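Participant: Okay, so the sequence shown: first residue is 5 according to my numbering, each after it adds one. First the structure, then my questions, so here it is.
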Amino acid sequence: MVLLQCLASRKYSKNVIMEELIAKFLPEELKERRRLYEEEMEELSNAVRFMSFALPDSLNKNVPIFVCTMAYPTVPCPLHIFEPCYRLMIRRCIETGTRQFGMCLGDPVKRFAEYGCILEIRNVQFFADGRSVVDSIGKRRFKVLHQGQRDGYNTADIEYIEDQKVRVASAKNPEAKLVLKLGRPR
């Protein structure tokens, strides 16, 4: 029961004796493992630099993709995470500091849709059995340029989509004028 509570809280403590034994008897393996971990975290966290709103045309590489439902900017998207690959994906998003991933609809031919939305993780509630509920919200729309996979979950190289400003309706376009008129508060 204590182990389940520890796993659910995600508060791990170091085993000092084990750490000292590994450092003493397996120093090269420990050094190599630390190097691999740091490289992996750096690679996974590279997206932090590019997911800023200040860089609209930037290309993001290896963005984790959750294939599930439709998501939209500014709209909350609560998720129940139970599949091991997505549990790993969410954990990595949190550990690397990005706290973001892409959401796309499934596609029977291409694995997932060509367009999606970046979701930002606002909160995660972990359960003892490894499942979690992720409170996320849509941030930006994107187009998939290239699909990939990493450790069982989908990834993609993406490009953000910027909305085009709508021109003010002119007298030549009465339908647009009507839409603008109907959309104004009274």
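Cβ atoms here follow ideal geometry from the backbone N, Cα and C, with glycine treated the same way. Treat the numbers as computed from the prediction; the structure is a model and nothing was measured.
Determine, using beta carbons only, whether ILE162 and VAL148 come nearer to each other than 8 Å.
Facilitator: In the sequence shown, residue 162 corresponds to position 158, counting from 1. In the sequence shown, residue 148 corresponds to position 144, counting from 1. In this structure, VAL148 lies closer than 8 Å to ILE162 by Cβ.
Participant: The alpha helix (DSSP H) that contains ARG95, what's its start and end?
Facilitator: In the sequence shown, the residue the question calls residue 95 occupies position 91. ARG95 -> alpha helix (DSSP H) spans 88 to 99.
Participant: Among PHE146, ALA117, ASP111 and ASP133, which one has its Cα closest to the Cα of LEU123?
Facilitator: Within the sequence shown, the letter at position 119 stands for residue 123. Looking at the Cα atoms, PHE146 is the closest of the given residues.
Participant: So, are the CB atoms of VAL138 and ILE94 less than 8 Å apart?
Facilitator: Counted from its first residue, the sequence shown places residue 138 at position 134. Counted from its first residue, the sequence shown places residue 94 at position 90. Cβ atoms of VAL138 and ILE94: closer than 8 Å.
Participant: For the candidate residues ILE85, TYR164, LEU182 and ILE98, whose alpha-carbon lies nearest to that of ALA132?
Facilitator: For the purposes of this step, residue 132 is taken as residue 128 along the sequence shown, with counting starting at 1. Considering only alpha carbons, the answer is ILE85.
Participant: Leaving out five residues on either side along the sequence, give the residues of the same chain with a beta carbon under 8 Å from the beta carbon of THR73.
Facilitator: Taking the first residue of the sequence shown as 1, we reach residue 73 at position 69. CYS81, MET107 and LEU109.
Participant: Closest to ASN158 by C-alpha separation, out of ARG91, GLY134 and GLU179, would be which residue?
Facilitator: To locate residue 158, count along the sequence shown from 1; it is residue 154. The residue with the shortest Cα to Cα distance from ASN158 is ARG91.
Participant: Are TYR76 and GLY120 touching if we call contact CB-CB under 8 Å?
Facilitator: Working through the sequence shown from its first residue, we reach residue 76 at position 72. Working through the sequence shown from its first residue, we reach residue 120 at position 116. It is not a contact, given that the beta carbons lie outside the stated cut-off.
Participant: If you drop the 5 nearest sequence neighbours on each side, which residues of the same chain put their C-beta closer than 7 Å to that of ARG154?
Facilitator: On the sequence shown, residue 154 is found 150 positions in, with the first residue counted as 1. Taken in chain order, the residues that qualify are ASN66.
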